[in-house]
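Participant: In our numbering, each residue carries its 1-based index in the sequence shown increased by 27. Backbone N, C-alpha and C fix where the C-beta goes; we use that ideal spot for every residue, glycine too.
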Amino acid sequence: MLDVIGAGLPRTGTLTLKAALERLGFGPCYHMFEIFDHLELIDRWLPEPPGDPDGWARVFEGYRSVADWPAGFFWQPLADSFPEAKIVLTVRDVDRWYVSFQGMLRARHASMSDGPFERSFLRITPLLETMARTTFGTVEPFPDWLPGREQAAAAFHRHVARVVASLPANRLLVFDVREGWGPLCAFLGVPVPVGEPFPRLNDMDALEQRLGRLNGGGG
Numbered sequence: 028m029l030d031v032i033g034a035g036l037p038r039t040g041t042l043t044l045k046a047a048l049e050r051l052g053f054g055p056c057y058h059m060f061e062i063f064d065h066l067e068l069i070d071r072w073l074p075e076p077p078g079d080p081d082g083w084a085r086v087f088e089g090y091r092s093v094a095d096w097p098a099g100f101f102w103q104p105l106a107d108s109f110p111e112a113k114i115v116l117t118v119r120d121v122d123r124w125y126v127s128f129q130g131m132l133r134a135r136h137a138s139m140s141d142g143p144f145e146r147s148f149l150r151i152t153p154l155l156e157t158m159a160r161t162t163f164g165t166v167e168p169f170p171d172w173l174p175g176r177e178q179a180a181a182a183f184h185r186h187v188a189r190v191v192a193s194l195p196a197n198r199l200l201v202f203d204v205r206e207g208w209g210p211l212c213a214f215l216g217v218p219v220p221v222g223e224p225f226p227r228l229n230d231m232d233a234l235e236q237r238l239g240r241l242n243g244g245g246g
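Below, the structure written as structure tokens:
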């Protein structure tokens with residue numbers, strides 16, 4: 028049963044959100060890194076994503092929250108399937124987001140190999156490509172999924188506007204992770220951790236280290 032659904036696009040602080048949710052007791056949080064570490068989770072998405080609440084419950088069995096793609100792409104059916112869950116829409120400056128998203132795709136491309144990790148991960152790549160195409164419009168072959176800055180920024184703003192328009196205010200938090208514990212804890216109805224700084228993770232560094240370890244270690 029999901030308690031929190033992260034609806035933000037990748038590179039909007041989703042790894043920081045994952046760490047914060049887990050610290051607040053809403054973990055484990057399903058993030059792309061979970062797939063990197065547990066490739067068997069890919070089987071839950073195949074041959075296609077679920078179409079009903081029972082199917083989504085199976086995909087996220089063992090998790091209390093989600094953030095980042097692929098989970099966050101399906102925020103709408105997840106919000107419908109888990110009507111008690113709260114939605115956190117992470118946002119950031121669109122120019123910084125665009126540069127970061129480009130960097131993520133390039134880092135992912137540079138890390139690719141013919142090892143067992145890569146061969147297993149490729150099973151979910153068609154789904155990720157469909158998600159990119161749906162979000163941004165027509166896309167080039169990987170790693171050029173992100174279109175030009177203007178088109179990508181329009182998609183970013185379109186996504187934010189759709190989420191905001193689709194959910195009641197008491198169920199949605201539009202959240203910049205730079206805001207820290209305050210708004211997130213108030214929204215989730217939990218106390219702010221005393222004397223503990225809000226996690227601020229450099230997800231690009233974490234991504235490069237994780238991919239290097241997985242491919243370098245043979246999966």
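1. For VAL204 versus LEU66, is the C-beta spacing smaller than 8 Å?
2. What does GLY33 pair with, by DSSP beta-bridge criteria?
3. Quick check: is any heavy atom of the ligand GTP less than 7 Å from the C-beta of ILE69?
4. Roughly how many angstroms separate the alpha carbons of GLU88 and GLY130, rounded to a whole number?
5. Within the continuous alpha helix (DSSP H) that includes LEU199, where are the two ends?
6. Taking the alpha carbon of ILE151 as the point to measure from, which residue in LEU48, ARG71, ALA46 has its own alpha carbon closest?
7. Who are the Cβ neighbours of ALA180 in its own chain at under 7 Å, not counting the five residues just before and after it?
8. With a threshold of 7 Å on Cβ separation, who are the neighbours of TRP102 within its own chain once the five nearest residues in sequence on each side are excluded?
9. Mind checking who TYR57 pairs with in its DSSP beta bridge?
10. Using the Cα positions of GLY175 and THR165, report the straight-line distance between them to the nearest angstrom.
11. Around the C-beta of GLU223, are 16 or more other C-beta atoms found within 10 angstroms, so that it is buried, or is it exposed?
12. If LEU228 and ALA46 are in contact, beta carbons under 8 Å, what's the gap, nearest whole angstrom?
13. Using the three-state DSSP reduction, which class does GLY246 fall into: helix, strand or coil?
14. Quick check on the DSSP output: the alpha helix (DSSP H) that includes ALA196 runs from which residue to which?
Facilitator: Reading off the structure:
1. For this step, residue 204 is matched to residue 177 along the sequence shown. For this step, residue 66 is matched to residue 39 along the sequence shown. No; because the gap between Cβ atoms is not below 8 Å, this pair is not in contact.
2. Along the sequence shown, read from residue 1 onward, the residue named residue 33 stands at position 6. BP columns for GLY33 point to VAL115.
3. Ligands in the displayed structure: none, and consequently the ligand GTP is not present.
4. As a first step, residue 88 must be located in the sequence shown, where it is residue number 61. As a first step, residue 130 must be located in the sequence shown, where it is residue number 103. Using only the alpha carbons, I get a separation of about 31 Å.
5. Residue numbering aside, residue 199 sits at position 172 when the sequence shown is read from its first letter. No alpha helix (DSSP H) holds LEU199; the beta strand (DSSP E) holding it covers 199-202.
6. For this step, residue 151 is matched to residue 124 along the sequence shown. Out of LEU48, ARG71, ALA46, ARG71 has the C-alpha closest to the C-alpha of ILE151.
7. Stepping through the sequence shown from its first residue, residue 180 is reached at position 153. So the qualifying residues of the chain are VAL121, TYR125.
8. By 1-based counting over the sequence shown, the position of residue 102 is 75. Once the five neighbours on either side are set aside, the close Cβ partners of TRP102 are ILE32, ALA34, ILE114, VAL190.
9. As a working mapping, residue 57 is identified with position 30 in the sequence shown. TYR57 pairs with VAL93.
10. Counted from its first residue, the sequence shown places residue 175 at position 148. Counted from its first residue, the sequence shown places residue 165 at position 138. Each residue's alpha carbon lies about 11 Å from the other.
11. Here residue 223 refers to the residue found at position 196 when the sequence shown is read from its first residue. Classification of GLU223: exposed, given that the 10 Å Cβ count is below 16.
12. In the sequence shown, residue 228 corresponds to position 201, counting from 1. In the sequence shown, residue 46 corresponds to position 19, counting from 1. So it is a contact: roughly 6 Å between Cβ atoms.
13. On the sequence shown, position 219 is the one that residue 246 refers to. Residue placement at GLY246 cannot be trusted, given a pLDDT of 38 that sits under 50; the coordinates are not used to answer.
14. Reading the sequence shown from its first residue, position 169 is the one you call residue 196. Note, ALA196: premise wrong, no alpha helix (DSSP H); not H, not E.
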